[in-house]
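> In this note's numbering, the protein residues as written are -6 to 655.
Please find one structure pasted underneath; my questions will follow.
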Amino acid sequence: MSASAIDVTLPDGSARSVPASSTALDLAQSIGSRLAKAAVAAVIGGEERDLSSPLNQGDRVAIVTADSDAGRHVLRHSTAHVLAQAVVALFPGAKFTIGPAIEDGFYYDFELPGGKTFSDDDLQAIEAKMRDIVKADQPFVRAEMSVKEALALFADQPYKCEIIQRVTSGSSDGADAGEVGGGDSVSVYRNTDAFVDLCRGPHVPSTGRLGHFSLMKVAGAYWRGNEKGPMLQRIYGTAWESKSALEEHLTRLAEAEKRDHRKLAVEMDLLSFPAELGGGLAVWHPKGAIVRKLMEDYSRHRHQTGGYQFVFTPHLANANLFETSGHLHFYKDGMYPPMEMDNGTYYPKPMNCPMHCLIYRDRQRSYRELPLRLFELGTVYRYERAGTLHGLLRIRGFTQDDSHIFCAEDQMADEITSLLDFVLSVLRQFGFEDFEFKLSTRDPEKSVGSDEIWEKATAALIDALQRHNVEYSVKEGDAAFYGPKIDIDVRDAIGRKWQLSTIQCDFNLPERFGLEYIGSDNARHRPIMLHRALFGSVERFFGVLLEHYGGAFPTWLAPVQVRVLPVTTVHEQYAQKLVDAMRSEGFRVDMVAADEQLGKRIRSAKLERIPYVLVVGDDDVANGTVGVNPRGGEVVRGVTFDAFMADLRSETTDAVSQGSLS
-6 MSASAIDVTL PDGSARSVPA SSTALDLAQS IGSRLAKAAV AAVIGGEERD LSSPLNQGDR
54 VAIVTADSDA GRHVLRHSTA HVLAQAVVAL FPGAKFTIGP AIEDGFYYDF ELPGGKTFSD
114 DDLQAIEAKM RDIVKADQPF VRAEMSVKEA LALFADQPYK CEIIQRVTSG SSDGADAGEV
174 GGGDSVSVYR NTDAFVDLCR GPHVPSTGRL GHFSLMKVAG AYWRGNEKGP MLQRIYGTAW
234 ESKSALEEHL TRLAEAEKRD HRKLAVEMDL LSFPAELGGG LAVWHPKGAI VRKLMEDYSR
294 HRHQTGGYQF VFTPHLANAN LFETSGHLHF YKDGMYPPME MDNGTYYPKP MNCPMHCLIY
354 RDRQRSYREL PLRLFELGTV YRYERAGTLH GLLRIRGFTQ DDSHIFCAED QMADEITSLL
414 DFVLSVLRQF GFEDFEFKLS TRDPEKSVGS DEIWEKATAA LIDALQRHNV EYSVKEGDAA
474 FYGPKIDIDV RDAIGRKWQL STIQCDFNLP ERFGLEYIGS DNARHRPIML HRALFGSVER
534 FFGVLLEHYG GAFPTWLAPV QVRVLPVTTV HEQYAQKLVD AMRSEGFRVD MVAADEQLGK
594 RIRSAKLERI PYVLVVGDDD VANGTVGVNP RGGEVVRGVT FDAFMADLRS ETTDAVSQGS
654 LS
């Protein structure tokens, strides 16, 4: 290495020599023009930085490209800044707050003068202004300044001043740090002299690197999520690395809209959300209840054959229980208000685990009983803010397929491995095959338990993942305060990710409740508690399934499996005979009489997404046959009823044998 050069280390461990004055962009250009063109930021020494950042001797450097998750985050955050610049230019006096990147997009919150709200025409004008800014190829220029300078700069932007004061005083909850940084100074980015915003970065080098974006909608949002705070106008948008990626996303959104479980639930007469009940509470109609029962029956069967013991617990409990468990300290904001009774204060339960601890503690336990696996379909109640409610996906009363396993330390690894098998087999039964695994590890500042037990629990989770030979990502410091966990995401039919199942280790509740067992050494020991939910909640899982299948449930799960349609009233007696025969074998079948035209009845059945429609006429009555109109398939006429039944039995045999049908 010459005196005018420095060595940096690339992600593969190799060293590369570059001129001493090089920036991250210079490094990318030295590797190749294609990489430089795709680059949007860099990671230097583990910290995301702008491409203009200088390099120093010995730096470890990774170039962030636009087509990576990290790169899309930079694109979206940069596009959010352009959105704010456009709004400020078009709406004099507008106050702008925060504009983070989010999954698949970004948003920015504004307060408009005079309480004005954005219209659809405004969105079009804002997007046009944003494209002017992109076309101008304005550079993103970073600067550091003192708190005093920043407060003077943003004197006419009260929300920015509040952010600066919260972060620099140390009173922020961390949500603002991504916008500002922290410490004695703050960072800002200028696009032009006319626009500057608070941000820690990084950003793309210039606005010309953007352009594949679309503004999606406007919504109301309380400042800092506080219902007593100011109501702001939130503009949502999406941004991608290419035109094709943007178009693919918009197509996926259009498909998602068709699959919206709230819309399908109405079309298929599955459930509803009556206003008289209050927000976030559903009633299940007969067809929806059938599907729910099948899901719950399957869950019960799998737990019964998997070595679990069934328990039931009440829907509310004395406040003392939640004081002991810690929920009143850690989760009180998410709990319903207390009910004052003559014998104490009561809360609807937010979780089932404290009551399962009471069941374990009811008598002395021996090591011979471990692992002790308790299971409950337990309904819990959590007060979700009105603005966060979303059909069945975010609801206030829901039922968890909740299991808690009490085991010894030396049983933990095998038990977690078994749990992972259990989880994946259940998810596959419902049609999911594409999984992502996330391991959340300890935050030493926000956790309980010894280093030794955390290391053992984390090692047990890693061992289970490795035994299954699956790739996983690590979320450093994201574990619950009581222990590490594995979260399992699934991808649905249109590529969306849903976090469904979780396996958690818990050292906290056994300690709080004084749980013990007598070991083979006749000494008292503290068990480990494993939390495990497969569906997560029955309601949310149902909503995800409904969208995954677009309402076209597999035959074993469909509320109506077969509909028989007589061509005319003359054929109704034969049709009813077929219905009776199928019902006698436990299939869910109905018949629609010939009171309306056949075509209309067939269209209605297709709208309900019934797997099989059987049409019967003169020839069928004479020959014991049916016309089979399968969902998504070609019509086949003259099929013997016995042959159709054999195929139907075959299709549902696996589900029946596993207890999926009752």
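Idealized CB from N, CA, C, for every residue including glycine.
Please confirm if L432 has its CB atom under 8 Å from at least one CB of chain C.
The chain inventory of the structure shown lacks chain C, comprising one protein chain alone.
> Does L40 come out as helix, strand or coil in the three-state DSSP assignment?
Numbered from 1 along the sequence shown, position 47 holds the residue referred to as residue 40. The identity of residue 40 in the sequence shown is Glu, whereas the question assumes Leu. The answer is strand: DSSP assigns E40 an E or B state.
> My understanding is that C498 touches K468, with C-beta atoms under 8 Å, so please give their C-beta distance in whole angstroms.
Within the sequence shown, numbered from 1, the residue matching residue 498 stands at position 505. Within the sequence shown, numbered from 1, the residue matching residue 468 stands at position 475. Rounded, the Cβ-Cβ distance is 15 Å, inconsistent with contact.
> Please return the same chain residues whose Cβ sits closer than 7 Å to the Cβ of A13, not counting the five positions on each side in sequence.
To locate residue 13, count along the sequence shown from 1; it is residue 20. Excluding residues within five positions, the ones whose Cβ falls inside 7 Å are S(-3), A(-2), I(-1).
> Are the beta-carbon atoms belonging to L203 and V75 less than 8 Å from one another?
Numbered from 1 along the sequence shown, position 210 holds the residue referred to as residue 203. Numbered from 1 along the sequence shown, position 82 holds the residue referred to as residue 75. A contact, by the Cβ cut-off of 8 Å.
> Can you tell me which of the three DSSP states A170 falls into?
Working through the sequence shown from its first residue, we reach residue 170 at position 177. Below a pLDDT of 50, predicted positions are generally treated as unreliable, and A170, at 44, falls in that range; no measurement from the model is reported.
> Taking buried to mean at least 16 other C-beta atoms within 10 Å of its own C-beta, is T562 buried or exposed?
The residue labelled residue 562 in the question sits at position 569 within the sequence shown. When all chains shown are included, T562 counts as exposed.
> Which word fits D5, buried or exposed, when buried means at least 16 other C-beta atoms lie within 10 angstroms of its C-beta?
Along the sequence shown, read from residue 1 onward, the residue named residue 5 stands at position 12. By the 10 Å Cβ count, D5 comes out exposed.
> So F323 is in the alpha helix (DSSP H); what residue range does that whole segment cover?
Residue numbering aside, residue 323 sits at position 330 when the sequence shown is read from its first letter. Run containing F323: 320 to 323, per the alpha helix (DSSP H) assignment.
> Determine which residues share a DSSP beta bridge with M224 and list them.
What you label residue 224 is simply residue 231 of the sequence shown in a count that begins at 1. The partner list for M224 (beta bridge, DSSP) reads Y215.
> According to the Cβ coordinates, are S521 and L413 closer than 8 Å?
Here residue 521 refers to the residue found at position 528 of the sequence shown. Here residue 413 refers to the residue found at position 420 of the sequence shown. Sequence check: residue 521 is Ile here, not Ser. Their beta carbons are not under 8 Å apart, which means I521 does not touch L413 by this criterion.
> For my contact list, F637 and G617 are in at a C-beta cut-off of 8 Å; report their separation, rounded to the angstrom.
Residue 637 sits at position 644 when you count from the first residue of the sequence shown. Residue 617 sits at position 624 when you count from the first residue of the sequence shown. With a Cβ gap of about 11 Å, F637 and G617 do not count as contacting.
> Assess contact between the segment 49 to 59 and the segment 73 to 87, defined as three or more Cβ pairs (one per stretch) separated by less than 8 Å. Is contact present?
Because the criterion of three Cβ pairs below 8 Å is not met, the segment 49 to 59 and the segment 73 to 87 do not touch.
> How long is the line joining the alpha carbons of A247 and G620, rounded to whole angstroms?
Numbered from 1 along the sequence shown, position 254 holds the residue referred to as residue 247. Numbered from 1 along the sequence shown, position 627 holds the residue referred to as residue 620. Whole-angstrom Cα-Cα distance: 34 Å.
> Do L146 and Q226 count as a contact pair if the criterion is CB distance below 8 Å?
To locate residue 226, count along the sequence shown from 1; it is residue 233. To locate residue 146, count along the sequence shown from 1; it is residue 153. No; because the gap between Cβ atoms is not below 8 Å, this pair is not in contact.
> With DSSP as the reference, identify every bridge partner of P341, one or two as the case may be.
Here residue 341 is taken as the residue at index 348 of the sequence shown, counted from 1. Per DSSP, L309.
> Determine the closest residue to L3 out of L48, D177, A31, with distance taken between C-alpha atoms.
As a position in the sequence shown, residue 3 is number 10, starting the count at 1. When only C-alpha atoms are compared, the closest one is L48.
> Work out the CA separation of R460 and M288 for me, nearest whole Å.
Within the sequence shown, residue 288 is the residue found at index 295, counting from 1. Within the sequence shown, residue 460 is the residue found at index 467, counting from 1. Those two C-alpha atoms are separated by around 28 Å.
> Please list, in chain order, all residues of the same chain as V553 whose beta carbon is under 8 Å from its beta carbon, the five residues on each side excluded.
One-based indexing of the sequence shown puts residue 553 at position 560. K280, R581, V582, D583, E601, I603, listed in sequence order.
> So, are the CB atoms of P132 and P195 less than 8 Å apart?
Counting from 1 along the sequence shown, the entry for residue 132 is found at position 139. Counting from 1 along the sequence shown, the entry for residue 195 is found at position 202. For P132 and P195, no; Cβs fall outside 8 Å.
> Report yes or no: do three or more beta-carbon pairs, one from the segment 307 to 321 and one from the segment 336 to 352, lie closer than 8 Å?
As far as the Cβ criterion goes, the segment 307 to 321 touches the segment 336 to 352, which means the pair count is three or higher.
> When DSSP builds the beta bridges, which residues end up paired with K478?
Along the sequence shown, one-based indexing puts residue 478 at 485. The partner list for K478 (beta bridge, DSSP) reads S433, Q497.
> Quick one: Cα of T645 to Cα of T548, how far?
What you label residue 645 is simply residue 652 of the sequence shown in a count that begins at 1. What you label residue 548 is simply residue 555 of the sequence shown in a count that begins at 1. In a straight line, the C-alpha of T645 is about 7 Å away from that of T548.
> DSSP three-state label for I156, please.
Stepping through the sequence shown from its first residue, residue 156 is reached at position 163. Three-state DSSP puts I156 in a helix.
> What is the DSSP secondary structure of A121, reduced to helix, strand or coil?
On the sequence shown, position 128 is the one that residue 121 refers to. A121: helix per DSSP, three-state reduction.
> Quick one: is S71 buried, meaning 16 or more other Cβ sit within 10 Å of its Cβ, or exposed?
Start at 1 with the first residue of the sequence shown, and residue 71 comes out as number 78. Under this definition S71 is a buried residue.
> Just to confirm my understanding: we take H541, look at its own chain, exclude 5 residues before and 5 after, and list those with CB closer than 6 Å. What are they?
Within the sequence shown, the letter at position 548 stands for residue 541. D485, A486.
> Tell me which residues share the same chain as T90 and place their Cβ nearer than 6 Å to its Cβ, disregarding the 5 neighbours each side in the sequence.
Residue numbering aside, residue 90 sits at position 97 when the sequence shown is read from its first letter. The answer, listed in chain order, is D102, Y152.
> With a 10 Å radius around its C-beta and 16 neighbouring C-beta atoms as the bar for buried, classify G433 as buried or exposed.
In the sequence shown, residue 433 corresponds to position 440, counting from 1. Rather than Gly, the amino acid found at residue 433 in this sequence is Ser. Its Cβ being crowded by 16 or more others within 10 Å, S433 is buried.
> DSSP on P106, reduced to helix/strand/coil?
As a working note, residue 106 is residue 113 in the sequence shown. Correct three-state label for P106: helix.
> Given 8 Å as the limit, is there contact between the segment 434 to 442 and the segment 394 to 404, that is, 3 or more CB pairs closer than that?
Verdict: no, contact absent.
> For V629, which residues of its own chain have a beta-carbon under 6 Å away from its beta-carbon, when the five flanking residues on both sides are left out?
Mapped onto the sequence shown, residue 629 falls at position 636. Correct list, in chain order: V621.
> Check the C-beta distance from F99 over to A258 and give it rounded, since I have them as a contact under 8 Å.
Counting from 1 along the sequence shown, the entry for residue 99 is found at position 106. Counting from 1 along the sequence shown, the entry for residue 258 is found at position 265. Going by Cβ atoms, the distance from F99 to A258 rounds to 30 Å, so no, they are not a contact pair.
> What first and last residue would you give for the alpha helix (DSSP H) that runs through T298?
The count along the sequence shown starts at 1 and reaches residue 298 at position 305. Counting along the chain, the alpha helix (DSSP H) containing T298 begins and ends at 279 to 298.
> Near S530, which residues of its chain fall below 7 Å by C-beta distance, leaving aside the five closest residues on each side in sequence?
The residue labelled residue 530 in the question sits at position 537 within the sequence shown. Here the set comprises F391, T392, Q393.
> Would you kindly check if the distance between the Cβ of R183 and the Cβ of A136 is under 8 Å?
Your numbering for residue 136 matches position 143 in the sequence shown. Your numbering for residue 183 matches position 190 in the sequence shown. Contact: yes.
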